[in-house]
Structure formats: C-alpha cells, structure tokens
Amino acid sequence: MLTFIARRLLLAIPVLLGVVFVVMLTIELIPGDAVSLMLGEHATPEAVAKLRDYLGLDKPLLVRYVGYVGRVARGDLGRSIQQNRPVVDELADAWPATLELTAAALVIAAAFGIAAGVISAVWPNSAFDALARLGSLFGLSMPVFWTGLVLIVVFALWLPWMPVGGMGSPAHLVLPAVTLALPSLAMVARMTRSSVLDVLREDYVRTARAKGVAERLVVAKHALRNAAIPILTLLGLQAGQLMGGAVLTETVFAWPGLGRLMVKAIFARDYVLLQGAVLIFALAFVVINLAVDLAYGALDPRIARQG
Amino acid sequence: MMPARSALLSALAVAWAMSVCLGSASPAEAQKKGGTLTIVRPTDPVSLDPQLETTAPGAWVYFNMLEPLLTMDEKMQIRPALAASYEVLSPTKVRFKLRPNVKFHDGTPLNAAAVKFTFDRALRGTPPARWASLAGSLSGAEVVDDLTVDVMTREPYGPILRTLAMYCTGIVSPTAVQKMGPDFSRAPVGTGPFKFVEWKTNTHVILERNPDYWGDKAPLDRVIFKVVPEEGARMIALQTGDADMVLLPAPAQLAALKRDSKYTVHEVVGGRVVFAGMHAGLAPLDDVRVRTALLHAVDRKAILENILEGSAVPARGVLAPSVFGFKDMQLDKLYPFDRARAKALLAQAGWTPGPDGVLQKGGQKLSLSWLAARGRYPKDGEITEAIQAMFKEVGVEAKVQFLEWATVFTQFRGAQLTHHMFTLGWVTSNADADYSLYALFHSKQVPPTGWNTSRYANPRVDALVEQARRSMNQTEREKLYAEVQDILAKEMVWIPVYNTKEIVVTRAGVKGFTVHPVEYNLWLGKVWLDK
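Respectively, the protein sequence lines represent chains A and B.
At position 220 of the first sequence the residue is numbered 220 (the numbering used here), and the sequence of numbers has no breaks.
Heads up, the numbering used here is the position in the second sequence plus 307, with the first residue counted as 1.
Structure representation (structure tokens):
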C-alpha cells in the first residue's frame, strides 16, 4: 500500500513539470505584456524596460523555466509580479477558502445527491422520482451566477437570514456552498439513480431478498456498495471540477478563493502568481485522484490486490 | 514678474492654510462621533503603496492614510496638505514649509528628510514608482532645514503644483519603509486621518481613526473596505445594510435609488473622457473632411440617453471640465448630429455611393478597421457598436475587432497602429491640461513614447503645448491651452463621446461625504454616521 502511494506521488513530478511548462508557454504565446499593463497607460518606455529587466522577463523562456523549476524545488514559488508579495503568502490566503468551499459543496452534493438517487431508484417513477428528476434537470441547466443571485435575493434580501457575501461565520458558507453544489448534486443524483437501479436488477439482490434480508439492508449493503464505484468516480471528477469551477461562485459571493486569484493573475499577466496557483491545482488533482483510487480499494478488495 | 507672482502665491497659500484650520469647525448638523463605515467595491488593491499602485482600488484606501504636500479640493483648487505654505523660487524650484508637529502613524516626525526620502524612493528606486511617469519632469527634493524642503524639476514645469497635489504623491514614513521592506506595501504608514489595521486579501482592508491626527480628527472609528465583485451583490449589500457606501454602483438602479429617501446618490462630473479615436495618419482619415463628417454622423445624445442611462455626461471636448486649462469645444454647435451634412462632406471629399450602399472612391470602399476592448470603460463595447451602426447610415463601413484589454493595450503601445479607429478613455491624472494635450497631441508623443495614438501632427500645437509646459504663469498657460483646443476643434481627431461621472451611493445616514471629481480622491476624514 505504501509503495503504491509513494509510486503515485513520484509519478506526479513529471506531471507537475509538464504543467508548469505548458502554463509558461501559454503565457508566452498570448499577447499582452505584464510590465506595460502593470505600469499602466502613462508609463515611459524607459520605466517599462527597467522593470522588465528587474523582473528578469527579458530572458528566454527556457532559461526562465529552468530557473523557476530550480527555485520551486527549493520551495520558493517566487514573488507575485503585480503585488510584489511572496506567491506562497498569496496562495496561503486563498487556498483555505477554496478548500472550505469545495469541501462543503462536495459534502452537500454527495449527501443529498446520493440520498435523492437512492430514493428515486428504490421507488422509480414515483412522485418523488419525478420531482427529483425535474429538480436535477433544473440544477444542471441553471448557471451558477444566476442561482447565486437568486439565492442572495431570497435568503439575504427578502428573508434576511443569510449574509450577502464574504467569508467568516459558518452562515457565510451556506449560500455559496449550496450554489456551487447544485449542478454536482444533480449529476450525482442521476448517476446514483441509474447505477442503483442497475444493481437492484442483479441476481444477488434477488437472492438477498429471497433469503429474507430486510429491504433497508438490501439497499444499503448489497445495492449501494456495488453501485458505489461509478458514483465515487464521478465525485472524484466533481471535486476537481468544483475546485476549478468555483470562480463564478466566488465572484458572486465575494469569496476570497483561488479561482478569483487566478483570474486576476491572468488579466494582469502575472505569470509568477499564475504558475504557483496552477501548480497547487495540479497537485490537488493528483491527490484527489490518489484518494479516489485508494477508496476504490477500500470498496472493492479486488482492485486493491491488483494495485 | 516672477517674484511678485510667487509672493502672491505663497500669500494665497497661507490664507488657504488658515481657512482650512478655522473654517471647518461649524458643520450644518450636529456631527456624531464613532461607528464603522463599510464600503463595498469590486476589486482588491494591488498594493497599498503608491510606489506600486496608482489605480483606484488601492488609491481609494491609501488616500486616507498617506498625505501629499498639497491636495486638490472638490472644486479642483490646490490646497495645502502637509505643506503649510509654498513659494515658487524659480521655474524649476518650489520651496515648501512643512506643518510643524506632524507625526507619522509610527511616531516618526514629519520633516524635510521624509519628503526627500519619499521622492528619492519614487524617482530613483529600482524599479521607480508607478507614479514616476505621471510626475512629468519632477526630479527630486532637497532638505533646506528641518521643516523646509525644495522640490526641483529637470526643466521649467508649469504643472508642478498640481503634480504634487496628486493622490499618489503621499509622503511615507522613512523609518517604516526601512523597517518593513517589501511588507510596507501591505501596511503603509503615513500621516493621514486614518491608520492601517488589517488587510485580508480579496476580503477586506480595515482602517481606524488616527487619534493623533494634526487636523480635525476623523469622526469615524473604523472604515472597512470590502471586496464584492458582483455588481448585483454590491447593490443588495447596500439594501440589506451590510454596506453603507457603494463604489461603482449599478447605473441601471440609480434612478430608483435617487427617488428612495433611504439612500443618497452622490455624483459629480469626473475626469475621464471616453472617445472614438481616429488615426489621422492613415487614409482616408488623413482628410479632415472625412473626420468631421464622421462627427456629424454620430448621434451622441442617443448614445448618452439609451446606452449610458444618465451615468455619464456628453464630452465637451478632449478634456474634462474639471481639468485646469479646459475649454468647451462647443461640439454640439460645431458638429451637430446631421446625416445630410455628413454625406455632403464625404461627397466633397470625393466619396460616391457604391452598389452595396457603402461609399467608394476609385474602386476603394470607405471601410474603416476599428480596434476596441470590451469592459475596460463603462459601456465601451456598446458605444463602439452604436457608432458602427451610425456610420453605416451615412455609407461608411466599420469593421470592429473586439479584443481583451491586455491585447488591445499592447497594440496601442506599439510604434505602428494599423487600425483606422479605436475606442479609448483618458483621464487627466494631475488635472492639468499639460498631461493630456502634451501626451496626446504633440507630434513627438507617438507611441511608444507618448499616447498620440491618433498620430496627430501640427507644428503650431507642438509649439503651444511646449510653451505652456514651460511657463509658470498660470493665466498665460490657460490662454495657450485654449488656443490648442480651438485648433483641435477644427481638426478633430477624436469623436469625444462621454465624460464619466463619479458616482457613489450611500445609505442616508452617511453624512459629511462629498464625491470628488478625481475618482481616486475618496476622502473619508469628514464622514460621520447618523444611525
């Protein structure tokens, strides 16, 4: 098991090296210059040249790449070009906020999605099922900035129960987490429904029922556990999706997360900050995938033995 | 001439200083002390140090902590701030007497050395301050005695006083800069009515009253600047009371808010002119008849009413009225919206209707390429599209290329511009005509040196703006700039569309606030809460 984890983490190194290279190359290719943007409309050409030299931006891409990788290996992510602040500090400010929001949204999506899916599967074509299917269609098709604003109007303006935005108390988390979770919740519900329905038609479920196992146990132990692999895969993918896709939610709810930090970095062409943020995202994806793989093993010992 | 004039100036300065000290003690209503003012605005500052940040998100905050030598009041008059008086010694030297007994927030005394330190850091640092390019030929400061400092320019520089009254020239505490290093930019130390408490990235910046302020102490205990990127969410925060003040409010909601007694809409004509620029060096726009025809083709009134919905006023020239040297170009009189006249002018220039409705001359269509960004200035994309449609009505085709600002910006800064037209906004940062008329219309100020994106060239204008720049006689300068604007009005290389309004909405309980024509000058030193 430990060698498995170690091997997977080692494999992450070339992935991260590649990610950094692709990001640096992309920034090199897109038009727009960080320095003249930073100095603004009124900068003199001398000032631009001076700052470019100061930041080392006049060096060729490969030289900068090797230099950057070398510094990252020593744990130095550099200083944000625009902010002149260590990238590590910037990320440390934004990362917990993103993690909190993503985790909360994932828990909501998993808990409500699986519950709704299972109920729909156990009583297919019931009134609840129809409602859940309609609801999930709604959840999937509504853009988050719209859902977010509607939730704010209803729960912060009309019924003043929740704060409008920002971060702080647990109450601040509710609306953004629900907004972010809705599309994933809908997807998890649909996946759970079809996957549990399939399993409920299996022979071993009929056997379990025939030998008199209580229906609740049939669903929880026999059906859900066997239906869990695709649901888990989906949740793993969604975790990444939620983290990266939180930009709009973060914007609507003034949530100080990584998504907004990255967008800001892109518009300012602050490549140092952007590289750091992408690196963190890539690392998070590697860890999530690893966690999903380990969970497969826990659910299905056959997979663990192969691993 | 010069000594008499400088004596008058310093006498005026002393009078101002006294009126500032004496005049502000009798507010109309009983002012209440205490409370926290919560402000919502769309973006977090880049930095709180003018060395690194000259844009509004940072300036709004540091303007209340760092004070310049001079300041510009709401009527755009120069007032003493940290300087008690000044005297123009020569065309390249101004002597300032500093206020005695002023202390920075960290206890360091304000003296001539601190002023010199601030200017040395800004002008000679590596890299130099972001505002160094805004400061014209400002070259440095010299200590005369503890409270006397001389500010020098490389050459005679008429706008010097307005330059030193810019929001971003605040004097910083030398001890704090040396002690904190790069961290100073996240927790600046100045002399202002508020001092820094906390900055949580992308969340808020908190300031508190400086109890040792040299002037009238701020009534507010605290100010919280919150980041709320979404316009709708900002307006809701104001309605729920989560915010007391909204910067950059939603224009569509202003009419309703003005009718509602729970809110106050503060507005004033601002300093930015948004325009459709024309490349005068590129055929067919090198023909003044074609350019003026395009001005006649544009219905500015319709654009103002239908697109900007009252959030801006029609531009009255290439400068904003709050700028020193502004002259009304009488655009509505000179170039009224008149399609028949536009067509007649184009016909005079030899353009005849083609088979597809687009004018042509010698087999060439009257087709203009146009470079624009979307969302850089309020409604810039929409007004570009509207003008494109209006051009079509007179037989002119415009092909607009919308690109993201960073890309557009790079093209503007390049030595070549291959587009006929461009949408751009310009703010006169130091509120002196020199800043715009020199950088935008002097023939040597073509990018990448300056911002003459129109490639306008007129030797008379060159001579006038140079003379006005070097003159210390403000009456003379005003006359020179008037002549420049008269010439420009005849040879139009812009279609000036609108002049921004600075709009701030507060809850009705927020008192003592006046919105300033310069968007960066958000002064909270007199604001109090009647809750």
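Backbone N, C-alpha and C define an ideal beta-carbon position, used for all residues, glycine too.
Pick helix, strand or coil for residue i, following the three-state DSSP scheme.
i, result
"alanine 656 of chain B", "coil"
"tyrosine 827 of chain B", "coil"
"aspartate 739 of chain B", "strand"
"valine 817 of chain B", "strand"
"aspartate 452 of chain B", "strand"
"isoleucine 478 of chain B", "coil"
"methionine 459 of chain B", "strand"
"alanine 332 of chain B", "Residue placement at alanine 332 of chain B cannot be trusted, given a pLDDT of 42 that sits under 50; what the coordinates show is reported in the next sentence. It is coil, neither helix nor strand."
"histidine 603 of chain B", "helix"
"alanine 186 of chain A", "helix"
"alanine 298 of chain A", "helix"
"proline 558 of chain B", "helix"
"histidine 573 of chain B", "strand"
What number of angstroms, rounded off, separates the C-alpha of residue i from the C-alpha of residue j?
i, j, result
"serine 392 of chain B", "glycine 447 of chain B", "19 Å"
"aspartate 452 of chain B", "leucine 430 of chain B", "22 Å"
"threonine 345 of chain B", "glycine 148 of chain A", "22 Å"
"serine 331 of chain B", "glutamine 485 of chain B", "Note that serine 331 of chain B scores 43 on pLDDT, short of 50, meaning its location in the model is unreliable and no value can be drawn from it."
"alanine 738 of chain B", "leucine 57 of chain A", "34 Å"
"lysine 818 of chain B", "valine 834 of chain B", "6 Å"
"leucine 795 of chain B", "tryptophan 95 of chain A", "53 Å"
"valine 804 of chain B", "alanine 583 of chain B", "7 Å"
"alanine 105 of chain A", "threonine 44 of chain A", "47 Å"
"glycine 548 of chain B", "threonine 813 of chain B", "10 Å"
"methionine 38 of chain A", "glutamine 82 of chain A", "7 Å"
"arginine 720 of chain B", "serine 397 of chain B", "35 Å"
"valine 72 of chain A", "proline 435 of chain B", "28 Å"
"valine 504 of chain B", "tryptophan 255 of chain A", "21 Å"
"leucine 602 of chain B", "phenylalanine 644 of chain B", "8 Å"
"alanine 314 of chain B", "glutamine 781 of chain B", "Confidence at alanine 314 of chain B is low in this model, with a pLDDT of 44, below 50, so the placement of that residue should be treated as unreliable; the coordinate-derived value is given next. Going by the C-alpha atoms only, they are around 14 Å apart."
"glutamate 692 of chain B", "alanine 228 of chain A", "53 Å"
"phenylalanine 403 of chain B", "glutamate 394 of chain B", "7 Å"
"alanine 214 of chain A", "leucine 274 of chain A", "54 Å"
"threonine 233 of chain A", "alanine 177 of chain A", "21 Å"
"proline 466 of chain B", "methionine 779 of chain B", "8 Å"
"alanine 291 of chain A", "histidine 586 of chain B", "59 Å"
"alanine 713 of chain B", "valine 753 of chain B", "19 Å"
If contacts are defined as beta-carbon pairs under 8 Å, then residue i and residue j qualify, I think. What distance do you get, rounded to the angstrom?
i, j, result
"isoleucine 513 of chain B", "proline 375 of chain B", "Isoleucine 513 of chain B to proline 375 of chain B, Cβ: 23 Å. No contact."
"tyrosine 369 of chain B", "proline 495 of chain B", "6 Å"
"valine 707 of chain B", "alanine 679 of chain B", "6 Å"
"valine 87 of chain A", "glycine 78 of chain A", "5 Å"
"aspartate 356 of chain B", "phenylalanine 491 of chain B", "6 Å"
"arginine 469 of chain B", "phenylalanine 631 of chain B", "6 Å"
"leucine 248 of chain A", "valine 150 of chain A", "About 14 Å separates the two Cβ atoms, so there is no contact after all."
Which chain B residues are close to residue i, counting only those with a beta carbon under 7 Å from its beta carbon?
i, result
"isoleucine 152 of chain A", "Ala540 and Ile543"
"glycine 333 of chain A", "No information on residue 333 of chain A is available, as it lies outside the stretch 1 to 307 that chain A covers here."
Could you tell me which chain A residues have their CB closer than 7 Å to the CB of residue i, listed as they occur along the chain?
i, result
"arginine 720 of chain B", "Ser36"
"glutamine 546 of chain B", "Leu157"
"arginine 596 of chain B", "Within chain A, no residue comes near arginine 596 of chain B; the closest Cβ sits about 31 Å away, beyond 7 Å."
Kindly list, in the order they appear in chain B, the residues whose Cβ is closer than 9 Å to that of residue i.
i, result
"glutamate 90 of chain A", "Thr508"
"tyrosine 65 of chain A", "Simply none; closest approach about 22 Å."
Give me the chain B residues within the contact set of residue i, using Cβ-Cβ distance strictly less than 8 Å, ordered along the chain.
i, result
"leucine 39 of chain A", "Arg437 and Ser440"
"leucine 149 of chain A", "Glu537, Gly539 and Ala540"
"arginine 269 of chain A", "Ala713"
"aspartate 93 of chain A", "Lys507, Thr508 and Asn509"
"arginine 260 of chain A", "Asn509 and Pro536"
Checking contacts by CB at 8 Å: is residue i closer than that to chain C?
i, result
"aspartate 549 of chain B", "Structure shown: chain C not included; protein chains present are A and B."
Just to make sure I have the definition right: I need the residues of chain A whose C-beta is within less than 9 Å of the C-beta of residue i. Which are they?
i, result
"arginine 776 of chain B", "The premise fails here: arginine 776 of chain B is roughly 16 Å from chain A at the closest Cβ pair, so nothing lies under 9 Å."
"serine 492 of chain B", "Gln83, Asn84 and Arg85"
Is residue i close to the ligand SAH? I mean its beta-carbon at under 7 Å from any heavy atom of the ligand.
i, result
"tyrosine 464 of chain B", "In the structure shown, the ligand SAH is absent, as is every other ligand, since no ligand is present at all."
Exercise. For the 8 Å Cβ check, are there 3 or more pairs between the segment 450-460 of chain B and the segment 412-422 of chain B?
Worked result: Touching, yes, given that three or more Cβ pairs across the two stretches are closer than 8 Å.
Exercise. Would the segment 623-639 of chain B and the segment 572-580 of chain B be scored as touching if the rule is three or more Cβ pairs under 8 Å?
Worked result: Judged by Cβ distances under 8 Å, the segment 623-639 of chain B makes contact with the segment 572-580 of chain B, as three or more pairs qualify.
Problem set entry | Cβ contact (3+ pairs, closer than 8 Å) linking the segment 105-121 of chain A and the segment 179-196 of chain A | The segment 105-121 of chain A vs the segment 179-196 of chain A: in contact.
Exercise. Three or more beta-carbon pairs under 8 Å between the segment 64-71 of chain A and the segment 21-32 of chain A, yes or no?
Worked result: Yes, they touch.
Exercise. Counting Cβ pairs, one atom from each stretch, are 3 or more of them under 8 Å apart for the segment 189-199 of chain A and the segment 158-165 of chain A?
Worked result: Segments in contact, no.
Problem set entry | Inter-stretch contact (C-beta, 8 Å, three-pair minimum) for the segment 465-481 of chain B and the segment 734-750 of chain B | Yes, the segment 465-481 of chain B is in contact with the segment 734-750 of chain B.
For this session: Decide if the segment 219-227 of chain A is in contact with the segment 235-252 of chain A; the criterion is three or more beta carbon pairs, one per stretch, under 8 Å apart.
Result: Too few Cβ pairs lie closer than 8 Å, so no.
For this session: Take every Cβ of the segment 820-834 of chain B, pair it with every Cβ of the segment 509-528 of chain B, and state whether three or more of those distances are shorter than 8 Å.
Result: Segments in contact, yes.
Exercise. Below 8 Å, can you find three or more Cβ-Cβ pairs linking the segment 756-765 of chain B to the segment 566-575 of chain B?
Worked result: Touching, no.
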